[in-house]
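Undergrad: Under the numbering used here, the very last position in the sequence shown is 187; numbers go up by exactly one each time. Where is the CB? At the ideal position from N, CA and C, for every residue including glycine.
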Amino acid sequence: IRQGDGTYVTSLEPSLLMAHLDFVFALTDATFLDLFEARKILEPGIVALAAVHITEPEMIHLEACAARSIQQVHNLPAFVAIDVELHEIIAKAAKNTILERFMAGLSQLGQVSRTRTVVLPGIPEQSVCDHQAIIEALKAHDPAAASAAMLHHLDNVERELKQLNLTRT
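1) So, is His171 buried or exposed, given that buried needs 16 or more other C-beta atoms within 10 angstroms?
2) Mind checking whether Ala68 and Leu156 have CB atoms under 9 Å apart?
3) Classify Val91 as helix, strand or coil using the three-state DSSP reduction.
4) My guess is that Leu117 and Ile64 are in contact by the Cβ rule of under 8 Å, so how many angstroms apart are they, rounded?
5) Along the chain, which unbroken stretches of the alpha helix (DSSP H) at least 4 residues long are found entirely within the segment 124–183?
6) Spell out a yes or no on whether the segment 70–78 and the segment 145–152 are touching, meaning 3 or more CB-CB pairs, one atom from each, closer than 8 Å.
7) Spell out a yes or no on whether the segment 134–141 and the segment 162–181 are touching, meaning 3 or more CB-CB pairs, one atom from each, closer than 8 Å.
8) Pick out whichever of Ala158, Ala48, Ile153, Leu80 has its Cα sitting closest to the Cα of Ile107.
9) Does Asp101 pass the burial test, meaning 16 or more other C-beta atoms within 10 Å, or should it be called exposed?
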């Protein structure tokens, strides 16, 4: 903002636009719950599109990413990075630039959220299993199964997160 001159947007890069929101996000439990609500609305639809549009090279990339997550299940920082990458691959495979940008914008928040959820007992292992179900549905090019598998995955993580007795106030 320039006094007497106006307001200017210097970049529309999602990571730059969201860069300062991780501070706000870290302050409230409600934001974690809101993030899962948003993800449960967006990601099942995104993965359904990906099931229709995913290419063989994208599938190979996704499977390699899932294999790396298995290897890093006890290295939590690496696991978080791989988990974010896996969801980004799916968003790109949907071939919808608007939804991909939404997900890129949520990625910053997702990284903060994942660092909190990945330490919950069993979450990394459950996520590995859930990711495999999502990949199987994508391989079958089955949008309904892919959507259901993604929703199941998000429900699993959200259920454990709610065990922390987070509140919306």
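TA: In this structure, then:
1) buried
2) Ala68 places its beta carbon less than 9 Å from that of Leu156.
3) In the three-state DSSP reduction, Val91 falls in the coil class, being neither helix nor strand.
4) 5 Å
5) With a minimum length of 4 residues, the continuous alpha helix (DSSP H) runs that stay inside the segment 124–183 are 141–157, 161–180.
6) no
7) yes
8) Cα-wise, what sits closest to Ile107 is Leu80.
9) buried
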